[in-house]
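A.B. asks: Residues in the sequence shown are numbered consecutively from 1, following the UniProt record's numbering.
For every residue, glycine included, the Cβ atom is placed at its ideal position computed from N, Cα and C.
The structure displayed is predicted, hence computed values, not measured ones.
Here it is, the structure, as structure tokens.
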Amino acid sequence: MDKSSPLTGPPTSSQEGSKPGPKRNIRFLKANYIKELSFLGQAEDPLDIKKCYIDLHRLQAREELAVRQAEADAERIGVGVT
1 MDKSSPLTGP
11 PTSSQEGSKP
21 GPKRNIRFLK
31 ANYIKELSFL
41 GQAEDPLDIK
51 KCYIDLHRLQ
61 AREELAVRQA
71 EADAERIGVG
81 VT
């Protein structure tokens, strides 16, 4: 909690040092609304790499399409301008 502000949230990196830590969900709220605090346990990581699947072929196809579109848009710059 920052004593200069009525808002509370997780500690900042300056308070924890510069070491990377676990992922967190961050919410800020006015400290005077807090009446009690309970630890609910560790939440499951929604972006767990072991459970995520990325179709690299589809991703590469989207990249190629975006590059072709950007090249076509760049060729049209200045066309019809006098």
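(1) Just verifying my parser: in three-state terms, what is the DSSP assignment at L59?
(2) Leaving out five residues on either side along the sequence, give the residues of the same chain with a beta carbon under 6 Å from the beta carbon of G80.
(3) For a test of the three-state rule: what should DSSP assign to D73, helix, strand or coil?
C.D. replies: A quick look at the data gives this:
(1) For the purposes of this step, residue 59 is taken as the residue at position 59 of the sequence shown. Looking at L59 - three-state DSSP - the assignment turns out to be helix.
(2) For the purposes of this step, residue 80 is taken as the residue at position 80 of the sequence shown. Nothing meets the Cβ criterion.
(3) What you label residue 73 is simply residue 73 of the sequence shown in a count that begins at 1. Residue state, collapsed to three classes: helix.
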